[in-house]
Structures are given as C-alpha cells and as structure tokens.
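K.L.:
My questions all concern the structure below.
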Amino acid sequence: MLRNTDRSWGWPARTLHWLMAAMLLVQVPLGFRMNAVYAELLATKATDWSSLLALSRAHHTLGFLILILAVARLGWRAANPTPGLPAGLAAYQRFLARVTHAFLYGLLFVFPLSGWATLSVYEGEFPIFFFGIDSMPRLLPQADTNEPYMFYAAIHKACWRAGGVLLGLHVVAALWHQWVVRDGVLTRMWRG
Ligand code: HEM
Ligand code: HEM
1 MLRNTDRSWG WPARTLHWLM AAMLLVQVPL GFRMNAVYAE LLATKATDWS
51 SLLALSRAHH TLGFLILILA VARLGWRAAN PTPGLPAGLA AYQRFLARVT
101 HAFLYGLLFV FPLSGWATLS VYEGEFPIFF FGIDSMPRLL PQADTNEPYM
151 FYAAIHKACW RAGGVLLGLH VVAALWHQWV VRDGVLTRMW RG
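Numbering follows the numbering used here, in which position 171 of the sequence shown is assigned residue number 171; successive positions increment by one, without gaps.
See below:
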C-alpha cells in the first residue's frame, strides 16, 4: 500500500521512518568519533588530517541526506491522510504524543541545519562536503571571530541531548503500546 489512510501508514511513510532512525543511529556516533579524532590530531600535533576529512565527508553527507529526507517526509505527510492516534488515549497522552512527534520532526531539521551553520560561520577554512563535492555553499556568512562557531556548535550539541530524551520517551511509549495496551501502534508502523 502506497498511500497512508486514516488508519494505516503506507510503505513510503514507514520506510522513511525506519530508514531515518537507522541513519541517525549511525550519524550520532559518527559525530562523536569525528570530534574525538579532531581532538586527538590537535593533541598529537599531527600533520596528516586525512582521517578527519574522511569522517567529516561521511558526517556531512549523511547529515545532508537526513535533511533532504526530512523535507521529503514532511511533504509526503502533507500530501497524505495521517492515521489517527488510537482511540481511548487520555487527553494528556494525545498531547504528549503530538508534542513528542512535533519536536522529533523539528530535530530532523535543526540537527543538520545547525551543523551546516556551524561550519558556514567558521572563521578558518574547512570544507563542507556532500559526497564528492568539497565546497557546499555556506548557509550563513563566514565570521571573523570564533564566537559564532561556538554558538551554532552549542545548538548542534544540544540537539543530541534533547533528541536522546525525546527518543527515550518515544521508544518507551511505542513499547508500552505494543506490550501493555496492545493497540497495534508499533505493528502499524512496522508492517502497515
Ligand atoms: C541529522 C544530522 C546530524 C546529526 C545527528 C549530527 C550529530 C552530531 C554529533 C552527535 C556531533 C558530536 C557532538 C559532540 O561531540 O558533543 C556532531 C558534531 C559536528 N557536526 Fe554534526 N550532525 C548532523 C549533521 C551535520 C551536518 C549536516 C554538518 C555539516 C555540514 C555537521 C557538522 C558537524 C560539526 C562541524 C561538528 C563538530 C562541532 C564541534 O565543534 O563540536 N553535522 N554532529
Ligand atoms: C531517531 C529515531 C526516530 C525518530 C526521529 C522518530 C520519529 C517519529 C515521528 C516524527 C513519528 C510521527 C509520525 C507522523 O505523525 O508523521 C513517529 C511515529 C512512530 N514511531 Fe518513531 N521515531 C524514531 C524511532 C522510533 C523507534 C526506535 C520506535 C520503536 C521502538 C518508533 C516507533 C514509532 C511508532 C510505533 C510510531 C507510530 C505512531 C502512530 O502510528 O501513531 N520510532 N516516529
């Protein structure tokens, strides 16, 4: 089934949900690894920075892909009916589900955009990669001090903290629906 209905998710919506979850599962550790390698290269005063460039190419590329898929996902959602939340939820549960979903959607944009902004304002020279492209356009003008970099990097870092809490809530709710309430919410996101 291609399109969503009032009661079920079509395969594009389900594929996008799980594909993006898997991409984030790779992207977050990749970001930490990239930062750790950068710190190591600085500490050892290394001259060969190719490992950092390779990790950065992977991190930027995957980040841009997540951004593109987030746009596609919201577009597809807008063009389709959205399955209603299960009947019998208390008002606060409906509210919590909607707020969590809205913030998760928000993060799918703020995460990559803040990363892109961080590198755009960097006062030095560092490539912004996308696959084989080494000079993606800047999202914001380059700065001549380090503060703007720190500002956007702080937003980028706040994203994984906020995302961790939201995802925790989201997963607990999904498992609670599956095993306690047994209303098939996880099944309908998995198998349609
Ligand atoms: C959904 C997409 C993304 C996720 C989940 C993500 C995740 C992360 C994580 C977890 C870190 C390490 C943070 C830390 O050490 O506290 C990081 C660092 C970084 N990311 Fe991303 N990232 C994404 C997209 C991007 C994009 C598109 C770019 C650039 C084009 C980018 C550029 C950076 C940079 C420059 C840093 C180092 C910031 C610093 O100085 O600490 N990220 N990212
Ligand atoms: C980083 C990973 C994830 C993100 C960003 C994410 C995001 C979202 C969003 C935004 C929705 C709302 C869909 C809509 O209304 O268009 C949703 C639905 C859902 N998610 Fe996730 N999710 C993630 C991981 C997971 C995981 C690991 C599980 C299960 C353990 C899960 C289970 C579900 C279920 C069951 C629904 C369907 C709710 C319904 O049918 O009403 N998600 N997810």
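All residues carry an ideal CB built from backbone N, CA and C; glycine is no exception.
Model, not experiment: these values are computed from the prediction.
Quick one: grab the DSSP three-state call for F111.
P.N.:
DSSP places F111 in helix when its eight states are reduced to three.
K.L.:
Let me make sure I understand the geometry here. Which of I133, P12, S120 and G132 has the alpha-carbon closest to that of T145?
P.N.:
That would be S120, whose Cα lies nearest to the Cα of T145.
K.L.:
Rounded to whole angstroms, how far is the Cβ of F129 from the Cβ of S51, which I believe are closer than 8 Å?
P.N.:
14 Å between Cβ atoms; not a contact.
K.L.:
Hey, is G164 close to ligand 1, as in C-beta under 7 Å from one of its heavy atoms?
P.N.:
False, no ligand heavy atom lies under 7 Å from that Cβ.
K.L.:
Can the beta-carbon of C159 be found closer than 8 Å to that of V99?
P.N.:
Against a cut-off of 8 Å, the Cβ pair of V99 and C159 comes out as no contact.
K.L.:
Under 7 Å from any heavy atom of ligand 1, does the C-beta of N4 make it?
P.N.:
No, ligand 1 has no heavy atom inside 7 Å of this Cβ.
K.L.:
In angstroms with no decimal places, state the Cα-to-Cα distance between K157 and G63.
P.N.:
One C-alpha to the other measures close to 14 Å.
K.L.:
Do P83 and W9 have their C-beta atoms closer together than 8 Å?
P.N.:
Contact flag set, yes.
K.L.:
Tell me whether H17 counts as near ligand 1, meaning its Cβ is closer than 7 Å to at least one heavy atom of that ligand.
P.N.:
Checking the Cβ of H17 against ligand 1 gives no.
K.L.:
For ligand 2, is there any heavy atom lying closer than 7 Å to the beta carbon of R77?
P.N.:
Indeed, a heavy atom of ligand 2 lies less than 7 Å from the Cβ.
K.L.:
Can you tell me the Cβ-Cβ gap for G31 and H59, rounded? I've got them flagged as a contact below 8 Å.
P.N.:
That pair is a contact at about 6 Å.
K.L.:
Within a Cβ cutoff of 7 Å, which residues of the same chain sit near N4, ignoring the five residues on either side of it in sequence?
P.N.:
Excluding sequence neighbours, N4 sits near G10, A13, N80, P81, T82 and P83.
K.L.:
Spell out the partners DSSP gives S135 in its beta bridges.
P.N.:
Answer by DSSP bridge pairing, in chain order: I128.
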